[in-house]
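In the order they appear, the protein sequences are chains A and B.
In terms of the working numbering, the first sequence opens at residue 1 and continues consecutively.
In terms of the working numbering, the second sequence opens at residue 1 and continues consecutively.
From the three backbone atoms N, C-alpha and C, an ideal C-beta is built for every residue, glycine too.
2 protein chains.
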Amino acid sequence: MIPLEEIRQISVVSPSKIVMLVIDGLGGLPDVKTGKTELETARTPYLDQLAKKGVCGLIDPVSPGITPGSGPGHLALFGYDPLKFTIGRGVLEALGIGFELKKNDVAARGNFCTVDGKGLITDRRAGRITTDKCTELCTLLSRIKLQGVKSFVLPVKEHRFSFVLRGEGLAAEISDTDPQKTGVVPYLAKYTKITTKHTADTVNDFINKSKGVLAKHHPANMILLRGFSKLPHIPSMNDIYKLTPAAIAGYPMYKGLAKLVGMKIFNADSGIQEELKILNDCYAKHDFFYVHVKHADSAGEDGDFERKVKVIEQVDSALPKLLNLKPEVIIITGDHSTPASLKGHSWHPVPVLLYSQWCRHDKVKEFSESACISGGLGRLPAADIMPLAMANALKLTKFGA
Amino acid sequence: MIPLEEIRQISVVSPSKIVMLVIDGLGGLPDVKTGKTELETARTPYLDQLAKKGVCGLIDPVSPGITPGSGPGHLALFGYDPLKFTIGRGVLEALGIGFELKKNDVAARGNFCTVDGKGLITDRRAGRITTDKCTELCTLLSRIKLQGVKSFVLPVKEHRFSFVLRGEGLAAEISDTDPQKTGVVPYLAKYTKITTKHTADTVNDFINKSKGVLAKHHPANMILLRGFSKLPHIPSMNDIYKLTPAAIAGYPMYKGLAKLVGMKIFNADSGIQEELKILNDCYAKHDFFYVHVKHADSAGEDGDFERKVKVIEQVDSALPKLLNLKPEVIIITGDHSTPASLKGHSWHPVPVLLYSQWCRHDKVKEFSESACISGGLGRLPAADIMPLAMANALKLTKFGA
């Protein structure tokens with residue numbers, strides 16, 4: 001993986017276009033009866049045709065054996081070493097609900113929890129209260145006043161909420177209040193150096209006041225906070241690649257991640273057809289397009305093999321709209337694998353397809369996990385894909401004389 | 001290769017079991033007549049069956065083109081970057097004879113050598129004296145008294161011995177006394193900073209006294225010492241992977257290496273059948289098992305192609321005993337290649353086979369160097385195997401949110 005600073009030195013602006021289509025959770029595992037993965041089961045004539053004309057391979061988002069979260073999975077595809085650029089849990093939770101974090105905001109992930117008469121935690125998830133109840137309680141907590149600091153309490157799902165502090169001199173280097181176990185009292189937020197004392201005091205003040213507000217709301221009668229973090233310092237894609245990048249996505253998390261690296265965001269709620277229409281509309285104004293397809297991952301997480309197959313087939317049948325634009329470079333891949341049989345993200349490498357006039361094509365004749373093993377790209381870190389895309393778009397000059 | 005600190009953060013304890021069977025020096029080169037390597041020549045129905053059900057690849061213990069010693073080869077398989085965690089030659093020599101090094105001991109590799117009347121080295125190996133003679137001379141040198149420091153002089157083989165100093169304030173940062181050439185006098189041990197002067201003085205005192213003791217023992221009338229080192233700081237496998245690991249091996253070197261990373265040692269002198277019996281006996285109490293098969297390497301080192309083939313066939317026929325235990329993850333590989341035609345370790349990548357319920361199998365139908373080229377694991381650093389084993393045992397949680 002080449003350092004970003006080196007890429008910055010050799011990247012150049014050109015009119016060529018790169019489209020990166022990310023099918024979330026694309027990689028899978030074989031169905032026990034057929035021996036075929038979701039991608040291998042799906043009827044994908046356009047993807048197969050493109051694989052035949054392009055060059056294929058398998059990517060490891062983080063490292064072999066490592067199951068990536070959505071954050072590291074996407075940062076790697078955007079060309080950033082996910083072991084070097086990390087996103088705090090609090091920031092990711094805020095991005096996930098589309099909250100507009102500012103540079104010095106401190107964000108944490110919150111849980112409603114249950115405590116007994118002695119204050120000991122009996123359930124870290126407050127019996128998984130409904131999202132409606134969560135929303136109601138967040139509204140109550142939002143009314144808490146803190147000295148010189150503004151707080152935001154935003155519902156996520158069930159017992160989960162996002163907590164954000166905004167004000168002067170806030171720091172993220174404070175400890176979690178979530179002890180990650182029951183039978184103990186929630187921790188106080190502790191500061192790690194004197195400059196972070198103010199933040200720890202503010203958080204503890206908020207928690208103390210929350211206790212009063214929530215007293216009558218058993219089972220959600222206390223809160224736990226963890227993963228205090230600020231927006232990470234990530235150089236923009238414009239800075240590194242000299243691209244004018246656009247993101248076309250529906251889910252807040254992915255729009256948030258794209259925004260982190262400086263993409264212009266286009267919202268598309270209703271699937272691949274709408275996304276490709278937007279791609280068409282904004283095509284003239286940008287030179288890099290990240291198009292995100294969420295539902296393959298959701299189907300995988302639900303353990304629904306057939307639904308994942310259908311999502312992939314929908315992408316395939318929409319593909320001509322993308323091909324008609326004749327982008328110089330097309331990348332089709334995923335941010336990680338989500339095999340239906342595992343009902344979650346997994347460590348398995350992800351199929352990747354790169355098409356350009358200048359790719360050296362291989363003998364792969366279909367886009368599938370097993371065919372990609374013998375692809376010309378081999379098995380490589382996901383963060384190598386961006387330099388390959390840039391090269392194929394003739395946007396990288398020579399390294400060294 | 002992901003940093004160990006990251007693995008430590010995401011590893012979890014679970015009841016699943018990992019068996020890593022290391023056939024020392026497994027990789028080979030083709031016989032000129034048949035065009036087949038040792039592994040390809042061997043009749044290995046069980047290994048081939050497992051390769052068909054699992055996923056294969058090729059590993060580089062250190063880096064492509066680099067021939068590893070047993071130390072780096074094994075550290076890589078245990079998941080440690082062999083370029084970061086290095087074991088001094090002196091320590092390895094002591095481990096190789098099963099000497100129980102303590103934390104602050106300083107160990108060196110020793111050679112008996114021949115010097116002429118002027119003290120100039122004429123033979124760095126003292127005409128390769130017999131191991132019996134070596135043992136006799138080591139006993140004599142063991143009687144040398146040093147001020148406040150205890151010394152151990154232990155025979156290894158022919159002219160080679162292990163030298164260990166034990167006492168307060170010893171340091172390993174002193175220079176070799178072996179000039180690695182003839183026609184010169186042996187060097188004095190030099191200290192690199194004032195805190196290591198005491199050790200250098202002690203070593204030089206020992207050498208001076210040895211000269212007197214050995215005067216009448218031509219051709220072994222002098223000693224050379226090199227590779228002064230202490231036990232390296234290596235976090236244990238329990239610390240990093242939360243495993244309770246066991247090593248089943250016969251040779252001291254491998255038991256020593258396994259002990260370095262915190263494995264419980266089970267001694268097995270009489271080959272694979274005994275090793276698998278021990279595996280069966282201790283199976284309930286551990287969750288990771290390193291089983292070491294030495295004789296493939298010995299046969300390779302002796303240039304005995306046929307004997308190496310037979311060792312591999314013996315392992316294959318014993319395999320059902322391992323399979324009957326139904327470990328969740330099986331890894332079969334080597335710590336390096338030892339082609340009989342090269343009569344020594346080599347740089348060629350080593351075939352690796354991983355089997356688990358969750359591996360994404362490939363089209364490999366036999367366990368061989370040539371088949372592994374198209375395996376689903378691709379070609380990867382050996383240190384990536386442990387994270388893959390952990391992932392397949394479902395012992396790693398997600399990296400990043």
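So, under 8 angstroms CB-CB, Ile-66/A and Leu-396/B are touching, yes? Tell me the CB distance rounded to an integer number of Å. The beta-carbon distance between Ile-66/A and Leu-396/B, rounded to whole angstroms, is 7 angstroms. This is short enough to meet the 8 angstroms contact definition.
What residues in its chain sit with their C-beta under 6 angstroms from that of Lys-157/A, if we drop five residues either side in the sequence? The answer, listed in chain order, is Thr-131.
With a Cβ-Cβ cutoff of 8 angstroms, do Phe-99/A and Ser-162/A count as a contact? Taking 8 angstroms as the Cβ cut-off, Phe-99/A and Ser-162/A qualify as a contacting pair.
Along chain D, which residues have their Cβ under 8 angstroms away from the Cβ of Gly-54/B? In summary, chain D is missing from the structure at hand, where the protein chains are A and B.
List the DSSP bridge partners of Leu-154/B. Paired residues: Ser-162/B.
Taking the alpha-carbon positions, what's the Arg-360/B to Met-263/B distance? Between Arg-360/B and Met-263/B, the C-alpha separation is close to 29 angstroms.
On the DSSP bridge assignment, give the partners of His-292/B in chain order. Paired residues: Val-22/B.
Nearest to Leu-323/A by CA position, among Asn-221/A, Pro-232/A, Ile-174/A and Gly-54/A, is which residue? Checked all of Asn-221/A, Pro-232/A, Ile-174/A and Gly-54/A; the closest Cα to Leu-323/A is Gly-54/A.
Does the Cβ of Thr-44/B have 16 or more other Cβ atoms within 10 Å, making it buried, or fewer, making it exposed? So Thr-44/B counts as buried.
Residues near Arg-8/B in its chain [Cβ-Cβ closer than 6 angstroms; skip 5 each side]: Only residues of its own chain outside the window of five on either side were considered, and among them Ile-240 have a CB closer than 6 angstroms to the CB of Arg-8/B, listed in chain order.
For Lys-52/B and Lys-181/B, the rounded distance between their alpha carbons: Taking the straight line joining both Cα atoms gives about 52 angstroms.
In whole angstroms, give me the CA-to-CA distance for Ser-70/B and Asp-335/B. Each residue's alpha carbon lies about 7 angstroms from the other.
Can you tell which of Gln-357/A, Ala-382/A and Gly-375/A has its C-alpha closest to the C-alpha of Trp-347/A? The residue among Gln-357/A, Ala-382/A and Gly-375/A with its C-alpha nearest the C-alpha of Trp-347/A is Ala-382/A.
Would Arg-8/B count as contacting chain A if we go by Cβ distances under 8 angstroms? So, not an interface residue.
When DSSP builds the beta bridges, which residues end up paired with Arg-128/B? Note: Arg-128/B sits in no beta bridge, so no partner.
Can you check whether the C-beta of Trp-347/A is within less than 8 angstroms of a C-beta belonging to chain B? By this cut-off, Trp-347/A is an interface position.
List the residues of chain B that Arg-89/A touches, going by C-beta distances under 9 angstroms, in chain order. Listed by position along chain B, the residues whose Cβ is nearer than 9 angstroms to that of Arg-89/A are Gly-400 and Ala-401.
Is DSSP giving Thr-244/B helix, strand or coil here? Thr-244/B: coil per DSSP, three-state reduction.
Listed from N- to C-terminal order along the chain, which residues in the stretch 73-89 of chain A have their beta-carbon within a distance smaller than 9 angstroms of any beta-carbon of chain B? Residues Gly-73, Leu-75, Pro-82, Leu-83, Thr-86, Ile-87, Gly-88 and Arg-89.
Any C-beta of chain A sitting closer than 8 angstroms to the C-beta of Arg-143/B? Not closer than 8 angstroms to any Cβ of chain A, the Cβ of Arg-143/B fails to qualify, so no.
I need the straight-line Cα distance from Ser-236/A to Leu-50/A, nearest angstrom please. Their Cα atoms are separated by approximately 30 angstroms.
Measuring CB atoms only, is the stretch 101-109 of chain A touching the stretch 360-371 of chain A, in the sense that at least three cross pairs come out at less than 8 angstroms? The answer is no - the stretch 360-371 of chain A does not touch the stretch 101-109 of chain A, with fewer than three Cβ pairs under 8 angstroms.
Contact defined as beta carbons within less than 8 angstroms: I believe Ile-425/B pairs with Pro-387/B. What is the distance between those atoms, to the nearest angstrom? Here chain B covers residues 1 to 401 and nothing more, so residue 425/B does not appear.
Please list, in chain order, all residues of the same chain as Ile-265/A whose beta carbon is under 7 angstroms from its beta carbon, the five residues on each side excluded. Around Ile-265/A: Ala-247, Lys-255, Ala-258 and Lys-259.
So which residues on chain A does Ser-374/B lean against when the C-beta distance must stay under 8 angstroms? Correct list: Ile-373 and Ser-374.
Secondary structure at Met-222/A, three-state DSSP: helix, strand or coil? Note: Met-222/A maps to strand in three-state DSSP.
Taking the CB atoms as reference points, tell me whether Glu-173/B and Thr-202/B lie closer together than 8 angstroms. Not closer than 8 angstroms, so no.
Using only the alpha-carbon positions, how far apart do Leu-380/B and Asp-60/B sit? The straight-line gap from Cα to Cα measures roughly 6 angstroms.
Cutoff 7 angstroms; reference Val-115/B; Cβ partners in own chain excluding five residues on either side: Sequence-distant Cβ neighbours of Val-115/B in its own chain, meaning closer than 7 angstroms and more than five residues away, are Ile-121, Thr-122, Asn-221 and Met-222.
Taking 8 angstroms as the CB-CB cut-off, is Asp-287/B touching chain A? So, not an interface residue.
Looking at the ligand ADP, does it come within less than 7 angstroms of Phe-78/A, judged from the CB to the closest heavy atom? The ligand ADP is not part of this structure, which contains no ligands at all.
Taking Leu-380/A as part of the beta strand (DSSP E), name the residues at either end of that continuous run. Note, Leu-380/A: beta strand (DSSP E), 378-381.
Are the beta-carbon atoms of Tyr-46/B and Pro-351/B separated by less than 8 angstroms? No, Cβ-Cβ distance for Tyr-46/B and Pro-351/B is not below 8 angstroms.
Residues near Gly-167/B by beta carbon distance below 7 angstroms, same chain, minus five either side: Excluding residues within five positions, the ones whose Cβ falls inside 7 angstroms are Gly-148, Val-149 and Lys-150.
Beta bridge counterpart(s) of Ser-356/A as assigned by DSSP: DSSP lists Val-329/A as partners of Ser-356/A.
Taking only beta-carbon atoms, is Lys-363/B less than 8 angstroms away from chain A? Yes, its Cβ sits closer than 8 angstroms to a Cβ of chain A.
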